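What follows is one structure encoded as structure tokens, with my remarks underneath.
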Amino acid sequence: MSNELSILFITAVSLGFLHTIFGPDHYVPFIAMSKAGNWSMTKTIFITIIAGAGHVLSSIVIGMIGITFGLALHVLEDIESARGNIAGWALMCFGLIYFIWGIRYFVKNKKHTHFHFHADSIKHQHNHSHHGDHCHVHEETKTASLTPWILFTIFIFGPCEALIPILMYPAVNIGIGGLILVTCAFAITTILTMLIIVMLALKGIKFLSIEKYEKYSHAFAGALVFLCGFAVQVIGL
């Protein structure tokens, strides 16, 4: 491995790690949705890997098209910037919609007290939820099944800004083998970092006493996803 390729390889691993760590949109949505939707660890891992792969591969495809057809780097950077805007707004919209749905879900399932008075002066009361055992099950299942696909779609639009200009274009000068090595190093590091953060966070949450707040989990998850989109679109994380 030449010195130039070694430097690019180390840079790819470093950038894959750092751009994931400092981009909360890479892991917070999966942590929030997994907890709110009671996903199994296996399901969470699968969804995180698939979304992460779509996130990286979309930039790789654009980079390969640019290299193949000799497109100017600024053209690809404009495309990636446009994709970033789409992903940021989409994440904000999804989070806001899910937050509203979560509030509605909580209100519908909020227990309330019924008082019953009988002719013999006997009265009693009981707690009741109109949607506790029936209607909401179908609605929640439908929402839960759509959520992974929505996240996957949003992540396809999410660009890896550093991949094309800093790694792919310089690597192509070394050769196709160098390009593949550097690209794979970045992709694998990015996805592994996403997985490790998500898994550690979910493991850590189990040690917290948050049972009494679980009724707000959907609304809280939506708010977190919205804030991630806001951080990407407005703050520029």
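Note that the sequence shown covers residues 775 to 1011 in my numbering.
Idealized CB from N, CA, C, for every residue including glycine.
Note that the structure is predicted; figures quoted are calculated from it, not measured.
First through last residue of the alpha helix (DSSP H) which encompasses residue i
i, result
"S1032", "Nothing can be reported for residue 1032: it is not among the residues displayed for the chain, which extend from 775 to 1011."
"L937", "Where L937 is concerned, there is no enclosing alpha helix (DSSP H), given that its DSSP letter is neither H nor E."
"K989", "Per DSSP, K989 belongs to no alpha helix (DSSP H) and is neither H nor E."
"N777", "777-795"
"I948", "Looking at the DSSP string, I948 is not in any alpha helix (DSSP H), and its letter there is neither H nor E."
Coil, strand or helix - residue i by DSSP
i, result
"A1005", "helix"
"L845", "coil"
"L955", "helix"
"S808", "helix"
"G1010", "coil"
"Y801", "coil"
"H912", "The predicted model places H912 with a pLDDT of 48, which falls under 50 and marks its position as unreliable; any figure quoted below should be read in that light. H912: helix per DSSP, three-state reduction."
"S814", "coil"
"G828", "helix"
"G862", "helix"
Cβ neighbour criterion (16 or more within 10 Å) applied to residue i
i, result
"G951", "exposed"
"A846", "exposed"
"I979", "exposed"
"H800", "buried"
"I1009", "exposed"
"E854", "buried"
"W923", "exposed"
"V830", "buried"
"S814", "exposed"
"I928", "buried"
"H793", "buried"
"L925", "buried"
"L974", "exposed"
"S920", "For the sequence presented, residue 920 should be read as Leu rather than Ser. Exposed is the call here."
"G949", "exposed"
Subject >> Cβ contact (3+ pairs, closer than 8 Å) linking the region 982-995 and the region 806-814 >> reply: Touching, per the Cβ criterion.
Subject >> the region 852-861 in contact with the region 960-972 per 3-pair CB rule at 8 Å >> reply: no
**OP:** Answer yes if the region 839-847 comes into contact with the region 967-978, meaning at least three C-beta pairs across the two stretches below 8 Å, and no otherwise.
**Re:** no
Subject >> Cβ contact (3+ pairs, closer than 8 Å) linking the region 871-878 and the region 980-987 >> reply: Contact fails: fewer than three Cβ-Cβ distances are below 8 Å.
Subject >> Cβ pair count under 8 Å reaching 3, the region 928-942 against the region 809-822 >> reply: When Cβ pairs closer than 8 Å are counted between the two stretches, the region 928-942 is seen not to touch the region 809-822, the count staying below three.
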